[in-house]
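Trainee:
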Amino acid sequence: MADVPLKALVDHLDVLLDAPRFADYGPNGLQVEGRSSVRRVVVGVTACLELIERAAELGADAIIVHHGILWGGTPTLTGSFGRRVRTLMRHDLSLIAYHLPLDAHLGLGNGASLARRLGVTELAPFGMHKGMAVGVRGVVSPEPDGSPASAASFAARIASALGVTPLVYPHGPAELRTVGIVTGGAERDIDQAVAAGLDAFLTGEVSEPTLHTAREDGIHFFSAGHHATERYGVQSLAAHLEATFGLECHWIDVPNPA
């Protein structure tokens, strides 16, 4: 295992994910500074107390997440937020978070990592948020027998890859050949999928108007959970850090049905 200076690690991630270009809902990069060098890293979706405590038990030096603890303002150090911060500080643990930059990356991002698991190829940027594309669109590979994918077969791929049963609004064409993917809470991006002429749209969450849009605009819609769809970017990032720096990386899942 290698020891990597914390600053060098964060600088590398900032450049890799092009973090400064994103106008986000909170700060990307280093959110809580711990010890100055990093050897063992835990990656997870959300910096909840359970993840922080389990990282401390593993003797981690840093935690890298998609959902950090700072969002548009500095809250008081009370309640659950205060407990998270105190636990990080007590164990000298650094917290590093990348939100939209990790969604967007065409190689390591949430959308791209999920797309590969679902047999979606020819990936291109898709899903504009705050002036930046944060998802992907692509071509859905045929089924093993060579037939085109359908809403039912694509839902089966999602269930197999993610271990969840997706909500499906099957209102698109019989042959599902193109899909847009924006992970997390991006159900409103169904309008962008319609405008792009895609056959289907996959995200994490759903809201009341989504059914009507899918039905009236003739597109398949899949919702597979905010947490479930965002588990793979941090795992891709961990593999990159292991290969690049020789860091010891551990993926910890704190299940969340939402």
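Letter by letter, the sequence shown follows residues 10 to 267 in the working numbering. The beta carbon of each residue, even a glycine, is placed where N, CA and C say it ideally should be. If you're wondering where the values come from, they're calculated on a predicted model, not measured in any experiment.
S103 to L97, Cα distance in whole Å?
Mentor: Going from the Cα of S103 to the Cα of L97 covers about 7 angstroms.
Trainee: Is L102 helix, strand or coil by DSSP?
Mentor: L102 falls in the coil class under three-state DSSP.
Trainee: Counting along the chain, where does the alpha helix (DSSP H) carrying S45 start and finish?
Mentor: Taken as a continuous stretch (DSSP letters only), S45 belongs to no alpha helix (DSSP H), as it is neither H nor E.
Trainee: What would DSSP say about G77, mapped onto helix, strand or coil?
Mentor: If DSSP states are grouped into helix, strand and coil, G77 belongs with coil.
Trainee: Confirm, please, whether the CB-CB distance from L79 to G35 is below 8 angstroms.
Mentor: Against a cut-off of 8 angstroms, the Cβ pair of L79 and G35 comes out as a contact.
Trainee: CB-CB under 8 angstroms to T4, same chain, minus the five flanking residues each way: which ones, in chain order?
Mentor: Nothing in the structure corresponds to residue 4, since the chain is present only between 10 and 267.
Trainee: Do G193 and L111 have their C-beta atoms within less than 8 angstroms of each other?
Mentor: Not closer than 8 angstroms, so no.
Trainee: What does the Cβ neighbour count give for L256, buried or exposed, with the cut at 16 atoms within 10 Å?
Mentor: Burial call: buried.
Trainee: Of the choices A11, V13, P264 and V191, whose alpha-carbon is the least far from that of F210?
Mentor: Cα-wise, what sits closest to F210 is V191.
Trainee: What did DSSP end up calling T85 once you bin it into helix, strand or coil?
Mentor: Here T85 sits in coil by DSSP.
Trainee: Thinking just about the alpha-carbon of each residue, which of G227, G116 and A247 is nearest to the one in A183?
Mentor: Comparing Cα positions, the closest option is G227.
Trainee: In the DSSP assignment, find the alpha helix (DSSP H) that holds E257 and state where it starts and stops.
Mentor: Here E257 belongs to no alpha helix (DSSP H); instead the beta strand (DSSP E) covers E257 to W260.
Trainee: Can you grab the Cα-Cα spacing for the pair V177 / E251, in whole Å?
Mentor: Rounded to the nearest angstrom, the two C-alpha atoms are 37 angstroms apart.
Trainee: Hey, could you find the ends of the alpha helix (DSSP H) V203 is sitting in?
Mentor: Looking at the DSSP string, the run of the alpha helix (DSSP H) that includes V203 is I199 to A204.
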